[in-house]
Each structure stands twice: as structure tokens, then as C-alpha cells.
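Engineer:
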């Protein structure tokens with residue numbers, strides 16, 4: 287894979303993990319054979335634990351499409367996708383001027399996040 291344009295935009299954690307997998311990070315448990323730097327393996331190991339199995343490229347596209355009415359900026363959208371807030375308190379620091387921009391629709395946005403990015407079973411158990 288060749289980078290055509292540097293810093294073209296923000297990447298979600300899922301996209302970074304997907305890119306590192308495409309370069310062989312998942313296939314090399316010894317961390318020696320894949321053409322990755324040690325720092326890239328560390329990033330992969332960390333993000334592999336944070337990206338839920340329920341998150342897919344299709345779910346991200348679906349979320350971005352359904353979020354258009356909320357007029358979130360790209361950095362806000364990326365933060366929401368990466369963090370997946372499950373209540374209004376968690377989403378407040380991610381969106382600038384949340385109350386004035388979304389008003390009563392904050393709850394709807396949180397429900398949309400829960401619908402598109404359901405928690406994995408191990409996340410549900412850790413919350414209890």
C-alpha cells in the first residue's frame with residue numbers, strides 16, 4: 287500500500303488496525319517476520335484491544351451516513367467512533383458546544399451510537 291497524500295485526514299482506530307493487519311501484524315506472532323517497526327507492533331497490540339469486534343468498515347460508513355443531520359466535524363466524528371460514548375456525559379467533551387448545537391438531540395445521537403456500535407460481550411461484563 288502506498289501513501290498518496292500525507293495527512294489527508296484523520297483515521298479511526300479501526301482503520302489503523304486494518305492497515306497494520308494488511309501489512310502483516312496479525313500474521314506474525316513473533317513480531318520479527320512482518321515488515322513493521324517495533325513501534326507499529328506496539329500500536330497494533332494496543333489498538334487491537336480497544337477496537338471492538340462489532341466495529342466494521344460498513345458500520346463506520348453507516349454511522350457517518352446516519353450522523354449527517356447532527357453536522358459533526360470530522361474530528362468530532364472520529365472521536366465518537368473511537369471512543370463510542372454510551373451516555374450524554376461521555377459525549378459532552380467530544381463535541382464542541384454540544385448543548386447549543388444538538389440541544390435535545392443528544393440522547394438520539396447516543397442511541398444511534400449504541401445501535402450502530404453495540405458493545406462486545408466482554409465490554410458488557412466489565413461494565414457490570
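Residue numbers (our numbering): 287 to 414. Even glycine gets a Cβ: it sits at the ideal position worked out from N, Cα and C. Just so you know, these numbers come straight off a predicted model, no measurement behind them.
#1: Identify which residue in 401, 383, 311 has its Cα closest to the Cα of residue 372.
#2: Examine the ligand HEM and report whether any of its heavy atoms sits within less than 7 Å of the Cβ of residue 327.
#3: I'd like the list of long-range same chain contacts for residue 380, defined as Cβ closer than 8 Å, with 5 residues on each side in sequence excluded.
#4: Where does residue 308 sit, in a helix, a strand or coil, going by DSSP?
#5: Assign residue 312 to one of two classes, buried (16 or more other C-beta atoms within 10 Å of its C-beta) or exposed (fewer than that).
#6: Spatial neighbours of residue 336 within its chain, please: C-beta separation below 7 Å, excluding the five flanking residues on both sides.
#7: How big is the Cα-Cα spacing for residue 384 and residue 378?
#8: When the distance is taken between beta carbons, is residue 296 closer than 8 Å to residue 352?
Structural biologist: On the basis of the supplied data:
#1: Against the chain shown, residue 372 aligns to sequence position 86. Selected option, being the one with the closest Cα: 401.
#2: Inclusion of the ligand HEM in the displayed structure is not the case, the ligand content being empty and no account of it being possible.
#3: Position 94 of the chain shown holds residue 380. Here the set comprises 362, 365, 366, 369, 371.
#4: For this step, residue 308 is matched to residue 22 along the chain shown. In the displayed model, residue 308 falls within a helix according to three-state DSSP.
#5: Translated into positions along the chain shown, residue 312 becomes position 26. Counting Cβ neighbours within 10 Å, residue 312 comes out exposed, since fewer than 16 surround it.
#6: In the chain shown, counting from the first residue as 1, residue 336 sits at position 50. For residue 336, the CB contacts under 7 Å within the same chain, skipping 5 residues up- and downstream, are 299 in chain order.
#7: As a working mapping, residue 384 is identified with position 98 in the chain shown. As a working mapping, residue 378 is identified with position 92 in the chain shown. The alpha-carbon atoms of residue 384 and residue 378 are separated by roughly 6 Å.
#8: Here residue 352 refers to the residue found at position 66 of the chain shown. Here residue 296 refers to the residue found at position 10 of the chain shown. Residue 296 is positioned such that its CB atom lies no closer than 8 Å to that of residue 352.
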